[in-house]
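J.: Following this message is one structure expressed as structure tokens.
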Amino acid sequence: GRSSMGRAMGLAGLLLGLFLVPAVLVSTSLRHDALLTEPPPVPAELELASGAVPEDSVWPLPQRLRTSPRQLQLAPSRFQLVHGAGSSAGPACGLLEDAFRRYYEYMFGQSRRRQRGRRPQGRRGEPELSQLEVVIESREPACHSHPRLGSSEAYHLTVTEPVAILKADEVWGALRGLETFSQLVHEDDYGSFLVNESEIDDFPRFAHRGILLDTSRHYLPLKSILTNLDAMAFNKFNVLHWHIVDDQSFPYQSIYFPELSDKGAYSYNHIYTPADVQLVIEYARLRGIRVIPEFDTPGHTQSWGKG
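Each number in the numbering used here corresponds to the 1-based position in the sequence shown with 19 added.
Okay, structure coming up:
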């Protein structure tokens with residue numbers, strides 16, 4: 020199912036980062052004076068009727084999850100991810116349009132490629148879920164901005180026949196809700212896609228949920244950084260702390276001071292161009308992740324001296 024596959028890919032990506040990068044840091048610290056006080060524990064409410072546990076559970080566990088044994092069928096040829104009526108976002112919201120395409124592929128792409136040329140048997144008489152409507156409730160949906168420490172990631176998801184509704188204050192909450200919905204969808208032995216009727220209220224306990232990648236001590240190819248961002252989105256992390264330079268190397272190619280990377284990088288192949296950095300920032304933004312680049316100074320600047 021999507022959940023087990025996503026968690027496996029996500030955890031594999033994070034573990035890969037841990038093995039490849041000696042200085043990877045998983046951080047749940049809150050970097051803001053107003054948020055330094057540890058919040059009180061918020062117990063997650065989990066209410067499952069007998070036989071109602073989905074084939075794949077949601078990760079991380081939502082604040083409140085109610086689910087029933089009743090299952091709805093999704094037909095990939097008919098199911099749609101759409102903007103709901105009254106949403107402040109619409110087709111002009113590129114961030115959500117990109118997310119719709121991405122999560123549709125997550126849910127159905129692998130199976131559709133596997134079943135190409137074969138017709139799934141499906142389930143007869145099973146009630147059908149025709150679409151998931153996404154409603155952004157704030158006046159400013161933040162479609163073209165970057166996530167901030169105070170951005171809202173809360174969402175409410177209701178999965179009932181014939182239409183599921185995902186409501187969020189901002190697009191960042193909608194991204195988390197789409198990830199949750201994709202984890203609820205699973206494929207049975209007959210090639211049918213199913214989801215249990217469910218109701219979920221969720222918000223993060225910690226505003227800062229970060230991963231640190233050190234690309235100075237251990238250069239990472241651009242593709243590996245993007246893979247880590249996908250893994251972070253699967254696990255609902257929201258901050259990439261990019262420790263881009265240090266004593267060991269200076270891989271960032273500066274427009275104004277090109278000799279810093281010319282002489283400070285491990286080699287001419289071990290650099291990040293401004294376009295590479297912009298790609299990482301935008302790739303992260305589309306997944307609700309903000310990038311914090313770190314340039315150490317005045318210490319840890321041995322690589323600077325070479326240039």
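Where a beta carbon is used, it is the ideal one built from N, C-alpha and C, also for glycine.
Just grab the DSSP bridge partners of L93 for me.
T.: Residue numbering aside, residue 93 sits at position 74 when the sequence shown is read from its first letter. Answer is F212.
J.: Under DSSP, the alpha helix (DSSP H) around A294 begins and ends at which residues?
T.: As a first step, residue 294 must be located in the sequence shown, where it is residue number 275. Its alpha helix (DSSP H) spans residues 293 to 304.
J.: Enumerate, from N- to C-terminal direction, the unbroken alpha helix (DSSP H) stretches of 4 or more residues contained entirely within the stretch 257 to 283.
T.: If we require 4 residues or more, the alpha helix (DSSP H) runs fully inside the stretch 257 to 283 come out as 278 to 283.
J.: Give me the Cα-Cα distance between D188 and N254, rounded to the nearest whole angstrom.
T.: By 1-based counting over the sequence shown, the position of residue 188 is 169. By 1-based counting over the sequence shown, the position of residue 254 is 235. Going from the Cα of D188 to the Cα of N254 covers about 20 Å.
J.: Give the range of the beta strand (DSSP E) segment to which I155 is assigned.
T.: Taking the sequence shown and counting its residues from 1, the one referred to as residue 155 is at position 136. From DSSP, the beta strand (DSSP E) with I155 extends over 150 to 155.
J.: Can you tell me the Cβ-Cβ gap for S322 and S268, rounded? I've got them flagged as a contact below 8 Å.
T.: Residue 322 sits at position 303 when you count from the first residue of the sequence shown. Residue 268 sits at position 249 when you count from the first residue of the sequence shown. Contact holds; Cβ gap of about 5 Å.
J.: Does the beta-carbon distance from I263 to N247 come in below 8 Å?
T.: The sequence position of residue 263 within the sequence shown is 244, counting from 1. The sequence position of residue 247 within the sequence shown is 228, counting from 1. Not closer than 8 Å, so no.
J.: Using DSSP with H/G/I as helix, E/B as strand and the rest coil, what is L80?
T.: On the sequence shown, position 61 is the one that residue 80 refers to. In this structure, L80 counts as coil in the three-state DSSP scheme.
J.: Quickly, what does DSSP pair S217 with across the bridge? List them, please.
T.: In the sequence shown, residue 217 corresponds to position 198, counting from 1. DSSP lists T86, V178 as partners of S217.
J.: Do I155 and A193 come within 8 Å of each other at the CB atom, strictly closer than that value?
T.: If you number the sequence shown from 1, residue 193 lands on position 174. If you number the sequence shown from 1, residue 155 lands on position 136. Against a cut-off of 8 Å, the Cβ pair of I155 and A193 comes out as a contact.
J.: Does the Cβ of A404 have 16 or more other Cβ atoms within 10 Å, making it buried, or fewer, making it exposed?
T.: This structure cannot speak to residue 404, because the chain is shown only from 20 to 326.
J.: Tell me which residue opens and which closes the beta strand (DSSP E) that L100 is part of.
T.: As a working mapping, residue 100 is identified with position 81 in the sequence shown. Unbroken beta strand (DSSP E) run through L100: 99 to 102.
J.: Which residue or residues does DSSP assign as beta-bridge partners of L185?
T.: Numbered from 1 along the sequence shown, position 166 holds the residue referred to as residue 185. The partner list for L185 (beta bridge, DSSP) reads V153, L176.
J.: Within the continuous beta strand (DSSP E) that includes R309, where are the two ends?
T.: Counting from 1 along the sequence shown, the entry for residue 309 is found at position 290. Looking at the DSSP string, the run of the beta strand (DSSP E) that includes R309 is 309 to 314.
J.: Bridge partners of E206, per DSSP?
T.: Reading the sequence shown from its first residue, position 187 is the one you call residue 206. E206 pairs with F212.
J.: Whose CA, out of A183, G105, D207, lies closest to the CA of S217?
T.: Stepping through the sequence shown from its first residue, residue 217 is reached at position 198. Looking at the Cα atoms, A183 is the closest of the given residues.
J.: Residues in its own chain within less than 7 Å of P312 by CB, not counting five upstream and five downstream?
T.: Numbered from 1 along the sequence shown, position 293 holds the residue referred to as residue 312. Here the set comprises W261, I263.
J.: Within 8 Å, do at least three Cβ pairs link the stretch 220 to 234 to the stretch 102 to 115?
T.: In short, these stretches do not touch, since the Cβ pair count stays below three.
J.: Taking C-alpha atoms, which residue in P277, V299, E145, Y302 lies nearest to D207?
T.: Locating residue 207 in the sequence shown gives position 188, counting from the first residue. Answer by Cα proximity: E145.
J.: Reducing DSSP to helix, strand and coil, say where E147 ends up.
T.: Mapped onto the sequence shown, residue 147 falls at position 128. Looking at E147 - three-state DSSP - the assignment turns out to be strand.
J.: For the ligand ATP, is there a heavy atom less than 7 Å away from the beta-carbon of L194?
T.: With respect to small molecules bound, the structure shown includes none, and the ligand ATP cannot be examined in it.
J.: How about the stretch 109 to 117 and the stretch 157 to 167: do they share at least three Cβ pairs that are nearer than 8 Å?
T.: Yes, the stretch 109 to 117 is in contact with the stretch 157 to 167.
J.: DSSP state of T320, grouped into three classes?
T.: Here residue 320 is taken as the residue at index 301 of the sequence shown, counted from 1. In the structure shown, T320 sits in coil (DSSP, three-state: anything other than H, G, I, E or B).
J.: Just curious, the alpha helix (DSSP H) that E116 is in, first and last residue?
T.: As a working mapping, residue 116 is identified with position 97 in the sequence shown. Start and end: 113 to 123.
J.: Excluding five sequence neighbours on each side, which residues of the same chain lie with their C-beta closer than 6 Å to the C-beta of P166?
T.: Indexing the sequence shown from 1 puts residue 166 at position 147. The answer, listed in chain order, is W191, G307, R309.
J.: Any idea if N288 is buried or exposed, counting beta-carbon neighbours within 10 angstroms, 16 or more meaning buried?
T.: Counting from 1 along the sequence shown, the entry for residue 288 is found at position 269. N288 comes out exposed.
J.: Pick from K282, F212, H205, T179: whose alpha carbon is nearest that of S96?
T.: Indexing the sequence shown from 1 puts residue 96 at position 77. Selected option, being the one with the closest Cα: F212.
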